[in-house]
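Asker: In terms of this note's numbering, the sequence shown is residues 8 to 493.
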Amino acid sequence: MNNTIILLDHPNDWKPYCETSSTLTVSEYLKDKSLGKETKMVINLSNDYGYNSEGYYCSLLAQARGHKVIPSVEIINKFESGTGIRLDMNLQKLCYQWIQKNNITENWSMNIFFGKCKEKGLEKIARYIFDNYPAPLLRICLNAQQKNQIESVQALPINKLTDEEQDYFAEALDNFNKKVWRTRSHKTSRFSLAILYDPDEKFPPSNKMALRKILEIARKMNVHAELITEEDATRLMEFDALFIRTTTSLNHYTFHLSQRATQNEMAVIDDPLSIIRCTNKVYLAELLERDKIPAPLSMLIFRSNNNNFEGISSKLGSPFILKIPDGSFSHGMKKISNEKDLEEAFSILFERSAILLAQEFIPTDFDWRIGVLNGEPLFACKYYMAKGHWQIYLHDNNGKCEEGLVDTIPIYKVPSQVLKTALKATSLIGKGLYGVDLKVVNGKVVVIEINDNPSIDHGLEDAILGDELYYRIINYFGQLIDESYR
Numbered sequence: 008m009n010n011t012i013i014l015l016d017h018p019n020d021w022k023p024y025c026e027t028s029s030t031l032t033v034s035e036y037l038k039d040k041s042l043g044k045e046t047k048m049v050i051n052l053s054n055d056y057g058y059n060s061e062g063y064y065c066s067l068l069a070q071a072r073g074h075k076v077i078p079s080v081e082i083i084n085k086f087e088s089g090t091g092i093r094l095d096m097n098l099q100k101l102c103y104q105w106i107q108k109n110n111i112t113e114n115w116s117m118n119i120f121f122g123k124c125k126e127k128g129l130e131k132i133a134r135y136i137f138d139n140y141p142a143p144l145l146r147i148c149l150n151a152q153q154k155n156q157i158e159s160v161q162a163l164p165i166n167k168l169t170d171e172e173q174d175y176f177a178e179a180l181d182n183f184n185k186k187v188w189r190t191r192s193h194k195t196s197r198f199s200l201a202i203l204y205d206p207d208e209k210f211p212p213s214n215k216m217a218l219r220k221i222l223e224i225a226r227k228m229n230v231h232a233e234l235i236t237e238e239d240a241t242r243l244m245e246f247d248a249l250f251i252r253t254t255t256s257l258n259h260y261t262f263h264l265s266q267r268a269t270q271n272e273m274a275v276i277d278d279p280l281s282i283i284r285c286t287n288k289v290y291l292a293e294l295l296e297r298d299k300i301p302a303p304l305s306m307l308i309f310r311s312n313n314n315n316f317e318g319i320s321s322k323l324g325s326p327f328i329l330k331i332p333d334g335s336f337s338h339g340m341k342k343i344s345n346e347k348d349l350e351e352a353f354s355i356l357f358e359r360s361a362i363l364l365a366q367e368f369i370p371t372d373f374d375w376r377i378g379v380l381n382g383e384p385l386f387a388c389k390y391y392m393a394k395g396h397w398q399i400y401l402h403d404n405n406g407k408c409e410e411g412l413v414d415t416i417p418i419y420k421v422p423s424q425v426l427k428t429a430l431k432a433t434s435l436i437g438k439g440l441y442g443v444d445l446k447v448v449n450g451k452v453v454v455i456e457i458n459d460n461p462s463i464d465h466g467l468e469d470a471i472l473g474d475e476l477y478y479r480i481i482n483y484f485g486q487l488i489d490e491s492y493r
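(1) Output the distance between the C-alpha atoms of Asp-469 and Gly-62, rounded to the nearest integer angstrom.
(2) Does DSSP put Cys-102 in a helix, a strand or coil?
(3) On a Cα-Cα basis, can you pick out the residue from Pro-141, Glu-26, Ile-165 and Leu-98 that is closest to Leu-15?
(4) Which residues in the same chain as Glu-381 place their Cβ atom closer than 6 angstroms to its Cβ, once the five residues preceding and following it in sequence are excluded?
(5) What did DSSP end up calling Asn-155 once you bin it into helix, strand or coil?
(6) To which residues of the same chain is Ser-281 closer than 6 angstroms at the C-beta, ignoring the five residues directly before and after it?
(7) Starting from the C-beta of Ala-133, find all residues in its chain whose C-beta is less than 7 angstroms away, skip the five residues before and the five after it, and write them out in chain order.
(8) How do the stretch 250–262 and the stretch 153–161 stand: do at least 3 beta-carbon pairs fall below 8 angstroms, yes or no?
(9) Provide the residue(s) that pair with Leu-380 in DSSP beta bridges, ordered along the chain.
(10) Put Ile-327 into one of helix, strand or coil per three-state DSSP.
(11) For Trp-188, collect the residues of the same chain with a Cβ closer than 8 angstroms to its Cβ; drop the 5 residues on either side in sequence, then sort them by chain order.
(12) CA-CA distance, Ala-314 and Ser-344?
(13) If we count the other Cβ atoms within 10 Å of its Cβ and call it buried at 16 or more, is Glu-351 buried or exposed?
(14) Leaving out the 5 sequence neighbours to the left and right, which residues in its chain are closer than 7 angstroms to Thr-190 when beta-carbon positions are compared?
(15) Which stretch, first to last residue, makes up the beta strand (DSSP E) that contains Asp-170?
(16) Could you pull the DSSP bridge partners for Asn-51 from this structure?
(17) Along the chain, which unbroken stretches of the alpha helix (DSSP H) at least 4 residues long are found entirely within the stretch 71–96?
(18) Skipping 5 residues on each side, what residues in its chain have a beta carbon closer than 6 angstroms to that of Leu-476?
(19) Whose CA, out of Leu-467, Cys-65 and Ala-292, lies closest to the CA of Glu-410?
(20) In chain order, which continuous runs of the beta strand (DSSP E) of length 3 or greater are located wholly inside the stretch 257–340?
(21) For Ser-34, report the span of its alpha helix (DSSP H) as first-last.
(22) Taking three-plus beta-carbon pairs below 8 angstroms as touching, is the stretch 92–102 in contact with the stretch 130–144?
(23) Taking the CB atoms as reference points, tell me whether Val-425 and Ile-455 lie closer together than 8 angstroms.
(24) By the three-class DSSP mapping on this structure, what secondary structure does Thr-190 have?
(25) Give a yes or no on whether the C-beta atoms belonging to Pro-422 and Phe-368 are separated by under 8 angstroms.
(26) What number of angstroms, rounded off, separates the C-alpha of Leu-307 from the C-alpha of Ala-292?
(27) Does the distance from the C-beta atom of Arg-359 to that of Ile-331 stay below 8 angstroms?
(28) Would you call the stretch 75–83 and the stretch 49–60 touching, i.e. three or more CB-CB distances under 8 angstroms?
(29) Buried or exposed for Ile-216, going by 16 or more other Cβ atoms inside 10 Å?
(30) I want to know whether the stretch 195–208 touches the stretch 234–246 - three or more CB-CB distances under 8 angstroms.
(31) What does a CB cutoff of less than 7 angstroms around Ile-106 pick up in its chain, not counting 5 residues either side in sequence?
(32) Please look up how many angstroms separate the CB atoms of Val-448 and Thr-371, rounded, as I've assumed it's under 8 angstroms.
(33) Can you tell me whether Ile-355 is buried or exposed, with buried defined as 16 or more other CB within 10 angstroms of its CB?
(34) Looking at the structure shown, is Val-425 part of a helix, part of a strand, or coil, going by DSSP?
(35) DSSP state of Asn-229, grouped into three classes?
(36) Rounding to the nearest angstrom, what Cα-Cα distance links Arg-479 and Phe-86 in this structure?
If you want it as structure tokens, here you go:
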């Protein structure tokens, strides 16, 4: 049986398309209990998803049989209940600009085929709606207002497509799941791994050599691994696992894809909960304080309050550090030595967040970085400060960046208290892959932050373990997938 099955109410519904052995009727699927693990994906193209219909039960039983199915029962229930969706502000603005450009003055509609649409300029909106309503065919009704344009989201029956729409649907399906049409020449893989990266990112968590290493080791482990970008988001459900190797953030496509993968029972690093807990420094500071894990003295600074240097420094000392909650790679962070520094920092940082985190300044020559995977130490590094600077990264006004040196240290040479503190800190987050930054001051270990998306660069973090580091990560994905079938 093929890895991917397409379900139809009637064989005639597939007459306009290329013949394939991947199709079954919904009745055949419901009666055939022999379909096992070799079936990875079920694309339910029933024309009726109504409650207690055969189309509904196909999605329900697909999940019970351990198959990934699109749409899931949860999405079908959203159709039934009329649960709505709202575009974020940027997409609402994009939508309204398109409406004005096309002189639309009344309600209108668009069709979405596996996250793709025919309307040029609305591609991001189609992908966003698909991320929230992952279903093969969607009919979106919209108004012509400046805000809140979406009126309803419904499933579009395949037997209602026009000739032109049938062509577009076939192309979208081909892009969504090439496994339907192409038989792989290699042996059946243990599982398939999507590696999400951004080829244009200035400071990616893994360099090109590390990405090549992941692909190389995966191949040796009989795992099908593939690099994907944001543009490949509609293909996500082709895979069994997702490894995010671009900088994560809330209210960002990395988080949305992590959520979607988790909802579809894929193995994910970084999982949504880890992203929530790690990417926001305000949340993390509260978490460490609650569990009495040593961390720098800190306080929240609210835009709505009257804040001054004297008041903050009286509690944290001088100088102190001011951070936006979701900064990374030393961005969104200022050292404050006087009232002028504070005012200048407020003018910049409060534009990005209504709440800032102020922390005591703890100067050291280097930070420890302990990589942790599944509750066990994976690697250890000393990240030295950039020359003549108080941070690891020194950014200039021209966009250039100077980095401090990195020493990779065998785990057995790491001070025991550093390891113990790092493992205790990550136990609050989860069982995924993390990088804990710590400082040692006068014999005391303090946690600076926990990264859900730690750097793994070839020649640096893998300098001690070499290929073994990548074996462990890929093997962990295998463990997660095996556990999901138990």
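Heads up, the beta-carbon is just placed ideally off N, CA and C, and yes, glycines get one too. Predicted, not measured: the structure shown is a model, and the values here were computed from it.
Answerer: Checking against the coordinates, here is how it stands:
(1) 49 angstroms
(2) helix
(3) Ile-165
(4) Correcting the residue identity first, residue 381 is Asn in this sequence and not Glu. Lys-438 and Tyr-483.
(5) coil
(6) Ile-436, Gly-437, Gly-439 and Asp-459
(7) Ile-119, Gly-122, Lys-123 and Cys-124
(8) no
(9) Glu-383 and Leu-440
(10) The amino acid occupying residue 327 in the given sequence is Phe; Ile does not appear at that position. The answer is strand: DSSP assigns Phe-327 an E or B state.
(11) Because the pLDDT of Trp-188 is 40, which lies under 50, any placement of that residue in the model is unreliable, and the question is left without a value.
(12) The sequence as given places Asn at residue 314; Ala does not occur at that position. Roughly 14 angstroms between the two C-alpha positions.
(13) exposed
(14) Because Thr-190 carries a pLDDT of 35, less than 50, the predicted location of this residue cannot be relied on, and the following value inherits that uncertainty. None.
(15) Unbroken run through Asp-170 is the alpha helix (DSSP H), 170–183; no beta strand (DSSP E).
(16) Leu-14
(17) 80–88
(18) Asp-469
(19) Leu-467
(20) 274–276, 305–309 and 327–330
(21) 33–38
(22) yes
(23) no
(24) Note that Thr-190 has pLDDT 35, beneath the 50 cutoff, so the model's placement of it is unreliable and the number below is only indicative. Here Thr-190 sits in coil by DSSP.
(25) no
(26) 10 angstroms
(27) yes
(28) yes
(29) For the record, residue 216 in the displayed sequence is Met; it is not Ile. Classification for Met-216: exposed.
(30) yes
(31) Ala-151
(32) 7 angstroms
(33) exposed
(34) helix
(35) coil
(36) 41 angstroms
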